[in-house]
Amino acid sequence: RKPEKLIAKLQKWCTKGKASKLQSLLAGPQLAGLVPELLRIKDAHGQSLLHLACRCGHTDVVAALLRAGADTEAQDRDQSTPAHVAAAAGHLSIVAQLLQCDHPPDVDLTNARGVSIRDCVEQSLAAPAAGVQHSHAHPPGSGGEMSDEDEDAAWCRRLREEASDDELGGAARGGGWGRGAGAEAD
């Protein structure tokens with residue numbers, strides 16, 4: 038099989054949501070030893086297979102790629118990670134999935150425009166298209182100003198709420214945010 042055809046097939050499966058085909062090929066004997074290299078291959082925009090799956094919103098494909106060892110901090114030409122791409126596309130359940138995996142990205146990692154994953158999530162949560170209603174921008178009685186710690190707690194709470202609305206099971210599955218969280222959940 039020519040490598041270009043294989044790569045094109047993998048990219049198509051990631052964008053079309055063909056998780057079972059992708060999983061069986063990545064786990065199969067025919068690619069033994071090549072999977073790490075395939076997961077590092079990037080398209081013309083510098084996007085990995087994980088970037089593509091995150092952009093298209095396929096949680097099952099993202100899960101298969103994470104199981105295979107995809108890099109959650111891989112950066113495309115704009116230095117955006119898969120989590121940046123998922124958040125920008127409004128796929129917050131995928132951001133939650135990435136943050137709960139065995140090797141989550143740093144939420145403060147910035148892209149070429151200086152935008153962090155955290156910033157992308159907050160922008161997505163604030164967008165009316167996200168379909169998420171927020172009754173309070175600040176906790177009652179806070180005087181309108183939030184400390185960094187309160188902002189972090191509010192951000193995590195909103196992300197957990199978004200993930201829990203997803204049929205994937207969201208935050209209930211991973212047991213926490215950040216590096217190492219959720220390792221025992223698998």
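Everything in the sequence shown is counted per my numbering, starting at 38 for the first residue and increasing by one. A virtual CB, placed ideally from N, CA and C, is assigned to each residue, including glycine. Fair warning: this is a prediction, and the values are worked out from it, not measured in the lab.
message: Can you list, in chain order, the residues of its chain with a C-beta nearer than 6 Å to that of A167? Leave out the 5 residues immediately preceding and following it.
response: Legend: pLDDT at A167 = 42, less than 50; position of this residue unreliable, value from coordinates given subsequently. So the list reads G127, S161, once near-sequence residues are dropped.
message: Does K42 pass the burial test, meaning 16 or more other C-beta atoms within 10 Å, or should it be called exposed?
response: Exposed, since its Cβ has fewer than 16 Cβ neighbours within 10 Å.
message: Contact defined as beta carbons within less than 8 Å: I believe T109 pairs with L135. What is the distance between those atoms, to the nearest angstrom?
response: Taking the Cβ atoms as the reference, T109 lies roughly 5 Å from L135, within the contact range of under 8 Å.
field: Any alpha helix (DSSP H) of 4 or more consecutive residues that is wholly inside the segment 55-100
entry: Within the segment 55-100, the complete alpha helix (DSSP H) runs of at least 4 residues are 56-64, 72-77, 86-93.
message: I'd like the list of long-range same chain contacts for A124, defined as Cβ closer than 7 Å, with 5 residues on each side in sequence excluded.
response: The beta carbon of A124 sits closer than 7 Å to the beta carbons of V132, I154, C157, V158, S161 from its chain, once the five residues preceding and following it are set aside; these are given in chain order.
message: Please tell me whether C138 and L86 are closer than 7 Å, where the distance is taken between their beta carbons.
response: The Cβ atoms of C138 and L86 do not sit closer than 7 Å to each other.
message: Taking 7 Å as the threshold (C-beta atoms), are V72 and R92 in contact?
response: No Cβ-Cβ contact shorter than 7 Å links R92 with V72.
query: Do you know offhand how far L68's Cα is from A163's?
result: The alpha-carbon atoms of L68 and A163 are separated by roughly 42 Å.
query: Between P119 and H88, is the Cβ-Cβ spacing less than 7 Å?
result: Between P119 and H88, the CB-CB gap stays under 7 Å.
message: Rounded to whole angstroms, what is the Cα-Cα separation between D97 and A56?
response: Cα-Cα distance, rounded: 6 Å.
Buried versus exposed, by CB contacts within 10 Å (16 or more), D113: That one is buried.
- prompt: Between K46 and the rest of its own chain, which residues show a CB-CB distance below 7 Å, the 5 nearest in sequence each way excluded?
  reply: Only residues of its own chain outside the window of five on either side were considered, and among them none has a CB closer than 7 Å to the CB of K46.
- prompt: Where does T52 sit, in a helix, a strand or coil, going by DSSP?
  reply: In this structure, DSSP gives T52 a helical state, which the three-state scheme calls helix.
query: For S153, which residues does DSSP report across the bridge?
result: The beta-bridge partner set that DSSP reports for S153 consists of T147.
message: I need the straight-line Cα distance from L63 to A105, nearest angstrom please.
response: Straight-line spacing of the CA atoms in L63 and A105 works out to 7 Å.
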